[in-house]
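Here is the structure we will look at, set down as structure tokens.
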Amino acid sequence: MSLDGTYDPANIFAKIVRGEMPSAKVYEDADTLAFMDVFPQAPGHVLVIHKSATARNLLEMEDAPLQAVMRTTQKVARAVRAALKPDAIAVMQFNGAASGQTVYHLHFHIIPRQEGVPLGRHASGGMADPKVLAEQARAIAAEIR
Ligand code: 5GP
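Numbering of the sequence shown is given in this note's numbering, commencing with residue -4 and proceeding in unit increments.
Dropping the structure here:
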């Protein structure tokens, strides 16, 4: 998939929004949703999406939903810091297959980083234990302000 294309309402994140696929939810408001990545690149890897915007990538996003999703990304990143006490936090976002994008519903990755620990493989590491993801989601959610 390139930078250009048509939004597919059957993409996995749209299914999560509609409740057709499970997710370990961290935060939800009227516009946005944050949930644990099932193939985490580090423990505590969270994804943030807009629930109704049909932008496949950052370049297609309108101003108002972009502001909403960025506000939630900051809110959740602060909660990740408080809950997990990482040395650093990477906020990442990919546009087009050649950049590493695999799901074509705009999303931001929040990835806690520890000094000296390499980043795990993107979208292709092992699947996390759902119980562990649920526990991490609970701990992060408890720090949302
Ligand atoms: P992208 O490669 O598009 O930047 O990121 C997509 C992310 O979605 C990857 O980090 C991948 O691990 C994650 N992912 C893929 N399928 C699922 C799923 O079914 N549930 C959740 N929670 N994350 C997923």
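Don't be surprised by glycine CBs; every beta carbon is placed ideally from N, CA and C.
Cα separation between residue i and residue j?
| i | j | result |
| --- | --- | --- |
| residue 131 | residue 38 | 8 angstroms |
| residue 64 | residue 73 | 14 angstroms |
| residue 85 | residue 33 | 17 angstroms |
| residue 101 | residue 52 | 5 angstroms |
| residue 6 | residue 97 | 10 angstroms |
| residue 116 | residue 57 | 30 angstroms |
| residue 16 | residue 8 | 8 angstroms |
| residue 128 | residue -1 | 33 angstroms |
| residue 112 | residue 40 | 14 angstroms |
Within this structure, are the beta carbons of residue i and residue j separated by less than 7 angstroms?
| i | j | result |
| --- | --- | --- |
| residue 91 | residue -3 | yes |
| residue 45 | residue 60 | yes |
| residue 29 | residue 71 | yes |
| residue 103 | residue 12 | no |
| residue 78 | residue 134 | yes |
| residue 139 | residue 2 | no |
Within 10 Å of its beta-carbon, does residue i have 16 or more other beta-carbons around it, so buried, or fewer, so exposed?
| i | result |
| --- | --- |
| residue 69 | exposed |
| residue 67 | buried |
| residue 107 | buried |
Where do the N-terminal and C-terminal ends of the alpha helix (DSSP H) with residue i fall, by residue?
| i | result |
| --- | --- |
| residue 8 | 7 to 12 |
Following the continuous beta strand (DSSP E) through residue i, name the residue where it begins and the one where it ends.
| i | result |
| --- | --- |
| residue 150 | Not covered by the structure: residue 150. The range shown for the chain is -4 to 140. |
| residue 31 | 27 to 31 |
Within the stretch 81 to 140, ranges of the beta strand (DSSP E) (whole runs, at least 3 residues): 83 to 87 and 102 to 108
Please give me, in chain order, every unbroken run of the beta strand (DSSP E) with length at least 3 that falls completely inside the stretch 38 to 87. 41 to 45 and 83 to 87
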